Structures are given as structure tokens and as C-alpha cells.
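First comes the structure, then the notes that go with it.
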Amino acid sequence: MASARIIDLLRGTQGLGQIGDTCTVRGWVRTKREGKGIAFLELNDGSSLQGLQIVLPQTIDDYEALIKQINTGTSIEATGLLVESMGKGQKVEVQATAIAVFGNADPETYPLQKKRHSIEFLRTIAHLRPRTNMFGAVFRVRNACAYAVHQFFQERGFIWVHTPIMTASDCEGAGEMFGVTTFDLNEIAAAGKSVDFTEDFFGKPAFLTVSGQLEAEIMATAFSNVYTFGPTFRAENSNTSRHLAEFWMIEPEVAFCDLEGDADLAEDFLKYIVKYVLETCPEDMEFFQERVNDQVMINARKIVDQQFERITYTEAIAILEKCSKKFEFPVSWGLDLQSEHERFLAEEHFQKPVIVMDYPLGIKAFYMRVNDGTASDRQTVRAMDILAPGVGEIIGGSQREERLDVLEARIRSVGLNPEDYWWYLDLRRYGTVPHAGFGLGFERLVQFITGMGNIRDVIPFPRFPQSAEF
Ligand code: ATP
Ligand code: MN
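For the sequence shown, numbering that gives the first Met the number 0 gives the first residue as 0, with consecutive numbering after it.
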């Protein structure tokens with residue numbers, strides 16, 4: 000028999016949820032309460048935060064045996080009549096006429112008993128934590144975000160492009176890259192040989208990608224508007240609450256676009272995603288607001304309702320220098336903004352999202368466009384970071400250098416070899432166009448929206464130093 004999703008019964012969607020209907024539901028028991036000659040189960044199938052109450056009357060076949068067998072974690076199928084619920088907080092419940100048990104969960108050993116578990120403990124049971132209220136909410140919101148990302152770009156005619164996961168061009172700071180090899184390192188070590196990468200799979204050192212941007216630029220100079228949305232890897236040794244070794248990144252790239260257009264796109268994008276989540280996951284968002292972080296709704300509304308402030312890096316430095324706040328890290332023109340500075344600007348000074356533009360050339364990547372204008376203008380590049388209350392930097396983007404001679408000089412000046420970037424330079428050699436894009440760490444976005452304190456708790460199976468379980 001076809002079974003119904005619990006959310007449809009609770010919300011009355013998909014033509015379901017009518018009082019008097021017979022229905023079948025499947026899921027995992029969250030709680031069991033026994034009364035006199037009656038038992039109440041709360042069943043959850045992951046479709047919503049709220050579970051469905053299943054009432055077991057004593058008259059049901061094998062009542063005594065069933066009640067013994069069913070515990071927190073047991074998987075069951077319940078069939079019965081949908082009736083109005085007397086309990087508060089729920090409109091409907093099921094008067095069960097038949098129960099089938101799929102699998103038991105021994106209460107002596109099942110780790111998710113009905114009590115508060117610490118988030119750190121739950122991280123050690125990542126194979127079971129999706130069955131908790133908190134992680135159910137996180138991963139439903141994560142899914143809504145992913146859907147909204149595609150919807151936003153597809154509605155605007157962007158092509159989703161798939162950039163390589165393995166790459167042999169050691170594009171950016173090679174220090175943070177994971178190597179990819181088919182060599183048997185033990186064998187090489189035992190033989191006392193030195194490593195000869197010409198003998199390796201790709202004939203040269205290869206790595207897991209840290210960004211799809213350069214390849215996205217290739218695609219943008221053919222399709223005009225593209226985006227990537229895929230896994231990214233960084234061998235970050237920093238054990239922070241904002242860094243993962245494996246995370247997902249969204250990188251739109253737009254031809255015939257300057258930095259202002261890029262900032263407009265990024266602002267529209269963030270507003271769209273947050274609005275979508277507020278509309279489609281109201282229960283889950285209420286859960287985060289009440290149980291995780293009481294700033295969640297305020298921060299979300301700031302994204303949706305407020306026009307983002309736009310300032311230059313030079314203006315940001317002036318604000319930070321003038322303010323009375325004591326920072327741990329120094330503030331001075333030419334130094335990068337630290338998280339504490341970013342949060343001060345977004346949370347305290349402007350109290351809304353801030354887009355900082357035109358950073359010093361010395362602290363930004365070689366591919367960012369050098370500003371036109373006076374000698375001091377030419378000390379800055381067309382970079383922009385979006386700073387959000389609660390997290391600090393959430394998006395980093397730039398207009399790309401489209402002038403061949405300037406780009407070549409920049410590559411040399413940062414100590415890289417232009418020959419390694421022959422195909423990237425070809426994009427400027429043949430039919431070059433002004434273009435711009437940005438990168439958004441998907442987990443940082445989910446972290447912002449849910450208010451979860453640690454990035455390890457917004458991806459189902461986090462990868463970080465000393466941890467690749469599950
Ligand atoms: P940070 O200063 O936070 O380390 P970054 O400057 O290294 O960030 P970029 O290279 O600009 O970041 O990467 C683009 C986006 O990817 C960032 O804005 C951030 O949202 C995300 N990101 C970067 N590193 C990580 C990571 N290790 N784990 C999760 N997300 C990350
Ligand atoms: Mn970093």
C-alpha cells in the first residue's frame with residue numbers, strides 16, 4: 000500500500016490530511032507513552048520537524064507484544080484513520096488499526112534515547128544524528144538552500160557547469176591542496192627512491208580542486224552566464240568553526256559584467272536564498288530561533304529587507320581606525336580585514352550586510368582587475384567581500400583582469416609562471432571581455448541561515464583534521 004509523507008498529512012498537502020481518511024505512514028518512532036489500555040507513539044519520517052501522533056488502542060492485534068517491541072528508534076508502518084487530535088500542537092493524529100514493525104532498536108544500546116545530547120556527542124554518531132530534531136532541521140534547510148541556488152540561476156538563464164575535481168594546474172596557494180596520486184608511498188619509501196611524478200597517473204603532480212573559478216571563466220567566455228556548484232577541498236590545518244577540508248562552493252561567473260554588476264548579483268542571490276528558506280521551512284527556522292540562536296530571524300530579515308551597505312576598503316579602514324573598539328589584530332591600510340573587523344562593520348557599525356570593495360592589490364589574488372585612475376587607484380583591485388551580521392565574510396568576488404599585458408605582469412609579480420596559465424591567458428588573447436564573479440561557501444551560507452555555531456554540523460559527514468569517519 001502506498002504510504003503518505005507525514006508532512007502532507009500535517010499540512011493537508013498533496014490532497015492528503017482529510018479527517019476521516021484511511022492512511023498509511025512509515026517512519027521511526029521518536030517517543031512512546033503508555034496510558035491505561037492505550038499507547039501513543041510519535042512517528043517521524045524526516046519530512047518535517049513535527050512528528051505524527053499514532054494512537055494504539057488496546058484492541059489492536061497483539062497489543063501487549065507490540066508495545067514491548069516498539070521503542071525509540073524502532074521503524075514501523077502504521078495504518079489507521081486520520082482523526083482530529085485532542086493533544087495540543089497537532090491538528091491530526093492516526094488511530095491505528097494495524098502496525099507492522101520493520102526493525103527493532105534495543106533501548107539498552109540505541110544511542111539516541113529521548114534526552115538532550117550534546118552536539119559534540121552527536122558529531123561522533125553522524126550516522127544517527129540525522130534522526131534528531133536539530134539535524135533533521137539542518138539538513139532540510141540545507142536541501143532548500145541547494146534547490147534555491149539552482150532555481151535562482153536557472154531562472155536567470157545561467158548554465159550550470161561542472162568543473163574538474165582533480166586538477167593538475169597548481170593554481171592557487173599550493174600549500175592548502177590535497178595531493179592526488181596512484182603511487183604506493185610505502186613502496187617508494189621502502190625502496191628509498193625519490194618521487195618521479197612523470198611516472199604518476201597524470202604525468203605530473205595532481206591535486207583536489209580548491210576552486211572552479213578559472214575553469215568557470217573559460218565557460219563564461221562562451222556561455223556568458225554560468226555557475227558552478229560542487230565540492231571543493233582545502234587541506235586547512237586550522238581547526239576552526241568555519242573551515243572544513245571538504246566543502247561545497249557556488250561560483251557564478253558573468254561575462255560583460257563589472258564589479259558593481261557582480262555586487263548586484265550577489266545581493267539579489269543572498270536575498271533570494273534566504274527568502275526561499277523563510278517561506279519553505281518556517282517550522283525549521285522557528286526551531287533554530289528558539290533552540291539554537293535567537294539572532295537567526297533578525298539576521299535573516301536583515302538580508303531580505305535591507306539594502307546592503309556599499310563601502311570601499313579605504314572607507315572601511317577609516318571607520319575601523321576611528322572607532323573606539325579595541326581589536327586583537329591591527330588595522331592599517333594594506334592589511335587584510337580580520338573576522339573581528341568584518342563583524343564589527345556588519346554587526347555594530349552598519350547593523351546590516353556590508354559590501355566592501357576595492358581592496359589593496361597586495362592582499363588579493365593575481366586575477367583581480369587592477370583599478371583604473373590615479374596612481375593610488377592603481378594600488379587597488381576590483382574585489383568585493385560581502386560581510387554579514389553573525390558570520391563576517393560570506394561571499395568573496397571580483398571583476399577579473401581582462402587585459403592580457405596587465406594580467407601577465409601580475410602573474411609574474413606574484414612569482415608564478417605565465418606559461419602555466421597559457422589557456423587562462425588565451426581567454427584574454429582571443430575575444431577578451433570584462434567579466435566578474437564570486438564564490439560562496441555553501442556551508443557558510445547554511446551556517447548563517449541556521450545559526451549553527453560550528454560548520455561541522457551543517458554538512459552530513461564533515462571532513463576535518465584527523466577525522467574522515469563515515
Ligand atoms: P577564509 O578567509 O574564511 O579562510 P578564504 O579567503 O580562504 O576564506 P576564498 O578562497 O575566497 O576563502 O573561498 C571562497 C569562499 O569559500 C569563502 O568566502 C568561504 O565562504 C568558503 N570557504 C573557504 N574556505 C573554506 C573552508 N575551509 N571550509 C568551508 N568554506 C570555506
Ligand atoms: Mn582560507
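For every residue, glycine included, the Cβ atom is placed at its ideal position computed from N, Cα and C. Just so you know, these numbers come straight off a predicted model, no measurement behind them.
Annotated three-state conformation of P129 is helix, per DSSP.
Going by beta carbons, A345 and G414 fall outside the 8 Å limit. When G229, I318, Q350 and I310 are compared, the shortest CA-CA separation from D357 is found for I310. Under DSSP, the beta-bridge partners assigned to R309 are I354. Between L9 and Q49, the C-beta spacing is below 8 Å. The C-beta distance from V100 to A77 rounds to 10 Å, too long to meet the 8 Å contact threshold. Taking 4 residues as the shortest admissible run, the stretch 285-337 contains the following complete alpha helix (DSSP H) segments, listed from N- to C-terminal end: 295-304 and 312-321. Taking the Cα of I385 as reference, the smallest distance to any Cα among A262, G156 and E198 is reached at A262. Within the same chain, Cβ atoms closer than 8 Å to the Cβ of N236 are found at P464, the five residues on either side in sequence being excluded. Not a single heavy atom of ligand 1 lies less than 7 Å from the C-beta of H434. When the five nearest sequence neighbours on each side are left out, the beta carbons in the same chain lying within less than 6 Å of the beta carbon of E252 are those of A215, E216, A219, V225 and G436, in order along the chain. Between V24 and A3, the beta carbon gap of about 6 Å places them in contact (Cβ cut-off 8 Å). Going by beta carbons, N132 and A104 fall outside the 8 Å limit. Contact between P461 and L243 holds: CB atoms are separated by about 6 Å, below the 8 Å threshold. S74 carries a strand assignment under DSSP once its states are collapsed to helix, strand and coil. Taking non-hydrogen atoms of ligand 1 into account, the C-beta of I272 is found less than 7 Å away from none of them. For V140, the secondary structure class from DSSP, reduced to helix, strand or coil, is helix. With a cutoff of 8 Å on beta-carbon distance, T227 and A143 are scored as not near each other. The stretch 316-333 and the stretch 261-276 do not touch, with fewer than three beta-carbon pairs separated by less than 8 Å. A residue is called buried once 16 or more other Cβ atoms fall within 10 Å of its Cβ, and I362, having fewer, is exposed. Relative to ligand 1, the beta carbon of H161 is positioned no closer than 7 Å to any heavy atom. Among the bridge pairs identified by DSSP, C22 is matched with G79. Linking M296 to G333 through their CA atoms gives a straight-line distance of about 35 Å. Setting aside the 5 residues that flank it on each side, S223 is surrounded in the same chain by V253, A254 and F255, each with a C-beta closer than 8 Å to its C-beta; the list follows chain order.
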